[in-house]
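Heads up: the sequence shown begins at 459 in the working numbering, then just goes up one per residue. Yeah, the Cβ is synthetic: ideal placement off N, Cα and C, and Gly gets one too. Structure, as structure tokens:
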Amino acid sequence: MNLSIKTRQPRAFALTLSRISKALIAATLVFITLFCNASISSAHAAGREQITTISHLNGSPVNTYFIPPTQPNVTGPSTLIVYHHGMTSNIDEPFVVPPGAPTGPIMTSIYPMYGFLSVGLAHTWANPAALQDIGDAITKVQDKYKFDRIIYIGASMGGCNLLSFIEQAPPEIKNKSECILVIVSCGDLANLYKLTSEKLVKDSLKNTLGGTPAEKKKEYKARSFIPNIKEFPKTVKVVIISHMEDTTMPPKLQNQLYRALVANGNPTKFIERKGTHGTWPTATQFQFYVDHIIHKRLM
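Here it is as structure tokens:
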């Protein structure tokens with residue numbers, strides 16, 4: 459409706475239009491405010507708790523977010539989902555992405571008997587101290603809830619970190635690690651440096667690992683999953699999501715990861731989708747992927 463019509467109107471009608479216009483603007487502003495506030499508080503509405511430990515990186519407090527189960531588990535093992543965000547993101551990621559159907563709240567509404575833990579720090583690239591922080595957060599949750607099994611979801615750098623975490627995890631966590639969903643990620647950081655088109659990724663790797671792969675060959679090998687895959691339990695099931703138009707984590711990297719896992723004897727599923735690095739799975743797709751790693755034999 460266009461309220462700025464240039465034809466002359468009677469004064470009373472013009473005043474009415476003015477009042478209507480102001481009312482519409484006010485109502486719109488109220489709606490926007492409520493919508494924004496609802497989006498900001500969506501994680502709180504989901505019942506998340508903040509868990510704080512002391513970081514092995516710098517001795518400072520480090521936070522994680524946890525949604526406890528809202529229903530008792532009556533059939534099957536009790537389950538903890540551990541989520542790790544991408545390179546430039548933070549632990550809020552699964553509470554706001556994708557917009558309108560964020561991963562954490564959606565997963566715990568589909569699986570109300572599961573716990574959901576969001577972990578990680580930006581630009582860490584399997585830093586051993588950062589991986590210890592993940593272990594501390596899981597241990598703190600496990601001390602209270604004693605979940606029977608742990609499944610993981612790692613996006614981009616988060617996939618790299620969680621794969622390496624499972625390799626290095628203490629026995630009480632490694633033995634409960636059942637499966638992992640790896641979204642547009644990789645298992646070889648030197649190869650990522652070579653193949654990515656994103657300068658931001660190259661710069662992050664150089665800054666975090668102290669140089670290029672040529673300059674820091676041992677560091678890249680130590681922090682990459684594939685060179686250390688023998689430490690990865692062969693019982694852990696893996697679903698790899700690859701996006702065909704991804705130039706940040708190109709599909710060659712997921713193919714390399716798939717081949718390494720199959721050679722290691724892990725039950726592994728490779729799912730290729732249309733999309734770029736920023737294309738996010740829908741809630742329905744997430745449910746399919748999680749169901750797949752839990753219930754399917756994969757091989």
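- Query: If we call anything under 8 angstroms between Cβ atoms a contact, is Ser643 one with Ala584?
  - Reply: Along the sequence shown, one-based indexing puts residue 643 at 185. Along the sequence shown, one-based indexing puts residue 584 at 126. Not in contact: Ser643 and Ala584 (Cβ atoms no closer than 8 angstroms).
- Task: Indicate the three-state DSSP secondary structure (helix, strand or coil) for Pro519 in the structure shown.
- Result: Counting from 1 along the sequence shown, the entry for residue 519 is found at position 61. Looking at Pro519 - three-state DSSP - the assignment turns out to be strand.
- Smallest Cα separation from Ile525: which of Met571, His543, Gly544 and Phe683? Your numbering for residue 525 matches position 67 in the sequence shown. It is Met571 whose Cα lies nearest to the Cα of Ile525.
- Query: Taking just the CA atoms, how far does Ile549 sit from Ile608?
  - Reply: Reading the sequence shown from its first residue, position 150 is the one you call residue 608. Reading the sequence shown from its first residue, position 91 is the one you call residue 549. Distance between the alpha carbons of Ile608 and Ile549: 18 angstroms.
- Query: When you compare each of Ile638, Ser567, Ile631 and Pro557 to Asn724 by their alpha carbons, which one comes out closest?
  - Reply: For the purposes of this step, residue 724 is taken as the residue at position 266 of the sequence shown. Closest by alpha carbon: Ile638.
- How is Leu487 classed by DSSP in three states: helix, strand or coil? Locating residue 487 in the sequence shown gives position 29, where the first residue counts as 1. A caution first: Leu487 carries a pLDDT of 36, below 50, which makes its placement in the model unreliable, though a value can still be read off. It is helical.
- Query: Should Met702 be labelled buried (16 or more other beta-carbon atoms within 10 Å of its own) or exposed?
  - Reply: Position 244 of the sequence shown, counted from the start, is the residue given in the question as residue 702. Flag for Met702 reads exposed.
- For Lys675, is the classification buried or exposed, using 16 other Cβ atoms within 10 angstroms of its Cβ as the cut-off for buried? The residue you call residue 675 lines up with position 217 of the sequence shown. Exposed, since its Cβ has fewer than 16 Cβ neighbours within 10 Å.
- Message: If I measure Cβ to Cβ from Lys664 and keep anything under 7 angstroms in the same chain, skipping five residues before and after, which residues do I get?
- Response: As a working note, residue 664 is residue 206 in the sequence shown. Excluding sequence neighbours, Lys664 sits near Thr670.
- Can you give, in chain order, each stretch of the alpha helix (DSSP H) that sits fully within the region 709–735 and has at least 4 residues? 709–722
- Query: When DSSP builds the beta bridges, which residues end up paired with Ser700?
  - Reply: Counted from its first residue, the sequence shown places residue 700 at position 242. Beta-bridge pairing links Ser700 to Glu730.
- Message: Determine whether the beta carbon atoms of Gly616 and Gly578 lie at a separation below 8 angstroms.
- Response: By 1-based counting over the sequence shown, the position of residue 616 is 158. By 1-based counting over the sequence shown, the position of residue 578 is 120. Result yes, Cβ atoms of Gly616 and Gly578 sit closer than 8 angstroms.
- Message: I need the DSSP call for Gln743, collapsed to helix, strand or coil.
- Response: Within the sequence shown, residue 743 is the residue found at index 285, counting from 1. In this structure, Gln743 counts as helix in the three-state DSSP scheme.
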